[in-house]
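This report refers to the structure that appears directly beneath it.
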Amino acid sequence: MEKGSRLNREILGVVIFALALLIALSLLSYHPTDRSFNTPSGSLQTQNWGGIVGAYLADLLLQGLGLSAYLLAIFLFAVSYNLFRESYQGIQLIKSGGYALFLWSVAVLTSLLREIEVGSAAGGIVGDLSKSFLISFFSRVGAYLIVLSALLLAVMSVTQRSLLSLLEKAKKVAVKLAKQSLVLLEVLNKKWRERREKAKGENTKKERKEYVPPPIVLREEIKEEPPKKAKKKSPPPQAQLDFPQVSQGYTLPAIALLDSADGEHVKIDKETLEANSLILRKKLADFGVEGEVVAVRPGPVITMYEFKPAPGVKVRRIVTLADDLSMALRALSVRILAPIPGESVVGIEIPNPRREKVFLKQVIEADTYQGAESKVTLALGKDTSGAPFVADLARMPHLLVAGATGTGKSVSINAMVLSVLFKASPQDVQFIMIDPKMLELTVYENLPHLLVPVVTDPKKAAAALFWAMDEMDRRYRLMRDKGARGIDHYNRILEKEMADKRAVIELKQTEPSDGGQEVGGDLQEKAPLVHERLARIVIVVDELADLMMSVGRDIEEYITRLAQKARAAGIHMILATQRPSVDVITGLIKANFPARISFQVTSRVDSRTILDSIGSERLLGDGDMLFLPPGTARIIRVHGAYVSDQEIRKVVEFINQQAKPRYRPEVFDAKKEIEAGEVDEEYDEMYDLAVELVTETQQASISMVQRRLRVGYNRAARMIEQMERDGVVGPADGAKPREVYARKIDN
Numbered sequence: 006m007e008k009g010s011r012l013n014r015e016i017l018g019v020v021i022f023a024l025a026l027l028i029a030l031s032l033l034s035y036h037p038t039d040r041s042f043n044t045p046s047g048s049l050q051t052q053n054w055g056g057i058v059g060a061y062l063a064d065l066l067l068q069g070l071g072l073s074a075y076l077l078a079i080f081l082f083a084v085s086y087n088l089f090r091e092s093y094q095g096i097q098l099i100k101s102g103g104y105a106l107f108l109w110s111v112a113v114l115t116s117l118l119r120e121i122e123v124g125s126a127a128g129g130i131v132g133d134l135s136k137s138f139l140i141s142f143f144s145r146v147g148a149y150l151i152v153l154s155a156l157l158l159a160v161m162s163v164t165q166r167s168l169l170s171l172l173e174k175a176k177k178v179a180v181k182l183a184k185q186s187l188v189l190l191e192v193l194n195k196k197w198r199e200r201r202e203k204a205k206g207e208n209t210k211k212e213r214k215e216y217v218p219p220p221i222v223l224r225e226e227i228k229e230e231p232p233k234k235a236k237k238k239s240p241p242p243q244a245q246l247d248f249p250q251v252s253q254g255y256t257l258p259a260i261a262l263l264d265s266a267d268g269e270h271v272k273i274d275k276e277t278l279e280a281n282s283l284i285l286r287k288k289l290a291d292f293g294v295e296g297e298v299v300a301v302r303p304g305p306v307i308t309m310y311e312f313k314p315a316p317g318v319k320v321r322r323i324v325t326l327a328d329d330l331s332m333a334l335r336a337l338s339v340r341i342l343a344p345i346p347g348e349s350v351v352g353i354e355i356p357n358p359r360r361e362k363v364f365l366k367q368v369i370e371a372d373t374y375q376g377a378e379s380k381v382t383l384a385l386g387k388d389t390s391g392a393p394f395v396a397d398l399a400r401m402p403h404l405l406v407a408g409a410t411g412t413g414k415s416v417s418i419n420a421m422v423l424s425v426l427f428k429a430s431p432q433d434v435q436f437i438m439i440d441p442k443m444l445e446l447t448v449y450e451n452l453p454h455l456l457v458p459v460v461t462d463p464k465k466a467a468a469a470l471f472w473a474m475d476e477m478d479r480r481y482r483l484m485r486d487k488g489a490r491g492i493d494h495y496n497r498i499l500e501k502e503m504a505d506k507r508a509v510i511e512l513k514q515t516e517p518s519d520g521g522q523e524v525g526g527d528l529q530e531k532a533p534l535v536h537e538r539l540a541r542i543v544i545v546v547d548e549l550a551d552l553m554m555s556v557g558r559d560i561e562e563y564i565t566r567l568a569q570k571a572r573a574a575g576i577h578m579i580l581a582t583q584r585p586s587v588d589v590i591t592g593l594i595k596a597n598f599p600a601r602i603s604f605q606v607t608s609r610v611d612s613r614t615i616l617d618s619i620g621s622e623r624l625l626g627d628g629d630m631l632f633l634p635p636g637t638a639r640i641i642r643v644h645g646a647y648v649s650d651q652e653i654r655k656v657v658e659f660i661n662q663q664a665k666p667r668y669r670p671e672v673f674d675a676k677k678e679i680e681a682g683e684v685d686e687e688y689d690e691m692y693d694l695a696v697e698l699v700t701e702t703q704q705a706s707i708s709m710v711q712r713r714l715r716v717g718y719n720r721a722a723r724m725i726e727q728m729e730r731d732g733v734v735g736p737a738d739g740a741k742p743r744e745v746y747a748r749k750i751d752n
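For the sequence shown, our numbering assigns the number 6 to the initial residue and increments by one for each residue that follows.
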C-alpha cells in the first residue's frame, strides 16, 4: 500500500513539474502580438515557447495576477519537489493558504506601486480590484498597512517560523553580507595600494640608478667583512667546530605523494537531523527525562545532539540510557557526554548513516598543521565537527596509545610517523623504532631518520632504551654546560655562537652531580663534552605487551625513567599496545604518561585502565579514538586519519632517494658494557645454591628461587639473569618457562 501511494505521489509530482515548467516558459517568452484573449486575430505563428497554448496561458495569468504570476511557477516547482521527498507529510492547509495569501499580497502591492512605473497592469485584475476595494474603505495608508501585514503572515505560514526567528535570521544574513562586503572592499583596497606602491617603487629605483652608481656599493660591502681577525683572537686551547648545516640538500616530501579524498563530502539533510532530535526527545521522555535538543552539530563520522535537561533531572540517569537510545535510533553505538565540559547541556553522539573517511592529506594540508612550528607535530585526524586536529608531541611529551586489535591503532601510528616526516629532516628528528611483531614498522627500514635499524629483538629493544637513558644524561650535561634549560634553547645558543664565529669544542671534565651516580653515568662522566646540534629523538614502540612479557621489569624501569626526565632533553616516546591491562600499562607507566589515546576497547575496565574513565567501549572502530591531552581531564573525540600502505611506501621511497641512514652501533653496546662491569663487581654468595636448586629441579623461575632460598625478588631475578649469562639456563620465551641446560652431577 505504501509503495502504491509513493508511486502516485511521484506521478503527480511529474505532472505538476511539467505544468510549472510550461507556465515559466510561457511567461518568460510572452509577447503582446501573440494570439491571446485580447488579440484573437493574431497569426497562428507565435513567438511564445509554449505555442498557442502558452500564449493564451501567459496572457491569462498576466491579466489575472500581473507580475505575481511568476511566483505561481515558483510555488508549483516547490510543490513538485516536496512530492518527491521521503519526508512528505501530505497537503498542509496552513502552507497552502500561505502560498495563496503571498500571491494576493504581491499582486495588490504591485498595483499600489503603479506610480513607480512598474507597469500598467502590474497587479493584474486581482490586484487592481483588491486595491480599489481597500482604498475605498481604508484609504491608501490603511491599504498599505493591510497588504504588508498579510505579506508578513504569508511568509510566516510558508516558512513555519515565528516573527522573532525570521528577524534573527534576516539580521544574521545582513551581518554576514556586510562582513563579506567589508572583506571584499579591504582586499580591493589592499590590491590598489600594492599596485600604487609598486609603481612608486619602480620610479624610485629608476631615480636611484641615475644618482648612485652600483660599483661604489659593491666595494663598500666587501670592505666591511672582517672574518680573519675573529680567528686570530680565538683562544689557543679551543678548536673551531664545523657544524653540519641543517637540512642541507634535503627536500621535505610533497603533499602530492598522499592520496586525496575519493568520495564526496557526506552531508546529512536537515529533515534527518530534525527526525532524530524528535526521536531522542521522545525516547528520553518515555524514561522520565524531560528536556529539549537545543543544538545539533553534524560531523564527518558522528553527529552530536546537545540536550538540555529540564530542572531537577539528574545527569546520571541520562548516562544509563545509552543502550536504549542506541536501539531506538537503530545506531551502532551511542556515546553520552554528561555534561559537556563548561556547558549546561548533555552531548549525545550518534553515528552517521554514512561515515566520511578522513584522509591524512586533508589534515596535512590544513592551516593548523602547516602553521605549527614544532617539528614533531602529529596529524591525528578530525574532531567531531570535522575540523583538522593536530597535537604537539613536544608538549605532551610522551604518548600512550592503546586499543583492541583491528581498531585502527597501527594505521594511526603510521599517520603520526608520516606527519613528522613531512615536517622534519634527519637533522631535526631521529627515530628509534621497536616492532617486536615485525609487521608494522619494517616498512621504514633504511630511512635516513633512523638511529638504528628497526628493532625486532626484545633484548636489543631493552638495550636501545638503556642507550636512550644514557643519551638523556649526556644531553643534560651539555645543556648544563651551556646554561640552557631545554633542547631548543641549547640549539639556539650554538647557532648564535656559530654566527659570532665562536663555536668551539670545549674539552673539560664534568663535575659529578650531588644526587649520586645515575644509571649509565660511568660511560660518559670522564668523557670530554663535544657540543653539537641536538636532534629530537622519537622512540616508537608498536607493541609494548610483547616487551613487558619478554624483558619485564627492565623495560618498565627504562620507560619510567625516560618518561620522568627526557622532556627537556628532546627525547619522546610513543608506546602502543593492543592489550590495555594493568600488567602492561602499569600504574607507574600510566602516571608518567599524561597524554593518552584510546581506540575502541572491549570493556569499561580497559577504558578506565587507559583513560581513567569510561567511553572507549562505545567507539566505532576504524580509527575512532578518544584523546586525553596533558594537564587536563577533558577528553576529545577524534576520527583518526587514514593512510594506506602505498602512501607510506611512496613517502619512504622519496626520502630514501635523498640520503642513506647513518646507524649508530653504540646504541646496542652501552648496556653490554654496564652489565660486564656489574658482573665483575658483584658476586652473590647464594648463587651456587641457586644453581644447585635449578639443576636439581630442572626449573628456572624467579618465584621458585625466591621462595626456596628466601630471598627478595630483585636478588632472585639477578641470579636467574646470571645463570643465563653463564649458560646454565636459556633465555626467557614469553609465558613459557626457561629451558635448563645444565644437569646435576651425582657425587
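The beta-carbon is built from N, C-alpha and C at its ideal position, and this holds for glycine as well.
| Item | Value |
| --- | --- |
| Please state whether DSSP places residue 382 in a helix, a strand or coil. | strand |
| Decide if residue 186 is buried, meaning its Cβ has at least 16 other Cβ atoms within 10 Å, or exposed. | exposed |
| Taking buried to mean at least 16 other C-beta atoms within 10 Å of its own C-beta, is residue 183 buried or exposed? | exposed |
| Just to confirm my understanding: we take residue 473, look at its own chain, exclude 5 residues before and 5 after, and list those with CB closer than 8 Å. What are they? | 437, 542, 544, 563, 567, 571, 576 |
| Short check: CB of residue 364 to CB of residue 266, under 8 Å? | yes |
| Taking 8 Å as the threshold (C-beta atoms), are residue 64 and residue 52 in contact? | no |
| Here's a check: name, in chain order, each residue in its chain whose Cβ is nearer than 6 Å to the Cβ of residue 546, leaving out the five neighbours to either side. | 439, 580 |
| What's the C-alpha gap between residue 232 and residue 484? | Residue placement at residue 232 cannot be trusted, given a pLDDT of 42 that sits under 50; what the coordinates show is reported in the next sentence. Near 28 Å, if we compare the C-alpha coordinates of residue 484 and residue 232. |
| Please list the terminal residues of the continuous alpha helix (DSSP H) segment that includes residue 80. | 74–89 |
| In whole angstroms, give me the CA-to-CA distance for residue 397 and residue 598. | 14 Å |
| Taking the runs of the alpha helix (DSSP H) that are 4 residues or longer, which of them lie wholly in the segment 525–600? | 526–529, 549–555, 558–570, 592–596 |
| Between which two residues does the alpha helix (DSSP H) carrying residue 438 extend? | Looking at the DSSP string, residue 438 is not in any alpha helix (DSSP H); the run it does join, the beta strand (DSSP E), is 434–439. |
| Near residue 574, what residues of its chain come up, given a Cβ to Cβ distance below 7 Å and the 5 sequence neighbours on each side ignored? | 477, 480, 481, 492 |
| Going by other Cβ atoms of all chains shown within 10 Å of its Cβ, with 16 needed for buried, is residue 600 buried or exposed? | buried |
| Sorted by chain position, which residues of the same chain lie with C-beta nearer than 7 Å to residue 313's C-beta, five sequence neighbours on each side aside? | 296, 297, 299, 349, 350 |
| Decide if the segment 453–469 is in contact with the segment 663–670; the criterion is three or more beta carbon pairs, one per stretch, under 8 Å apart. | yes |
| What does the Cβ neighbour count give for residue 719, buried or exposed, with the cut at 16 atoms within 10 Å? | exposed |
| Which of the three DSSP states is assigned to residue 340 in this structure? | strand |
| Based on Cα-Cα distance, which residue from 609, 556, 343, 590 lies nearest to residue 725? | 556 |
| Measuring only the C-alpha atoms, how far is residue 16 from residue 103? | 25 Å |
| Do residue 673 and residue 468 have their beta-carbon atoms positioned less than 8 Å apart in this structure? | yes |
| Can you tell me which of the three DSSP states residue 401 falls into? | coil |
| Label residue 194 either buried or exposed according to how many other C-beta atoms from any shown protein chain fall within 10 Å of its C-beta, with 16 as the threshold for buried. | exposed |
| Output yes or no for whether 8 Å exceeds the beta carbon distance between residue 328 and residue 642. | no |
| Please report the straight-line C-alpha distance between residue 551 and residue 738, rounded to a whole angstrom. | 10 Å |
| In this structure, how does DSSP classify residue 447 when only helix, strand and coil are distinguished? | helix |
| Tell me whether residue 459 sits in a helix, a strand or coil according to DSSP, three-state version. | coil |
| Evaluate the contact criterion for the segment 410–427 versus the segment 376–384: three or more CB pairs, one atom per stretch, below 8 Å. | yes |
| Please name the residue or residues paired with residue 387 in a DSSP beta bridge. | 393, 644 |
| If you reduce the DSSP assignment to three classes, tell me which class residue 1 lands in. | Residue 1 falls outside the range modelled here, since the chain spans only 6 to 752, and no answer is possible. |
| So what does DSSP say about residue 352, is it helix, strand or coil? | strand |
| Check residue 69 in the structure and name its three-state DSSP category. | helix |
| For the beta strand (DSSP E) holding residue 631, just list the boundary residues, first then last. | 629–633 |
| Is it right to say residue 733 is buried, meaning 16 or more other beta carbons lie within 10 angstroms of its own, or is it exposed? | buried |
| Give every residue of the same chain whose Cβ lies closer than 6 Å to the Cβ of residue 98, excluding the five residues on either side of it in the sequence, and list them in chain order. | none |
| Are three or more beta carbon pairs between the segment 619–628 and the segment 644–652 nearer than 8 Å? | yes |
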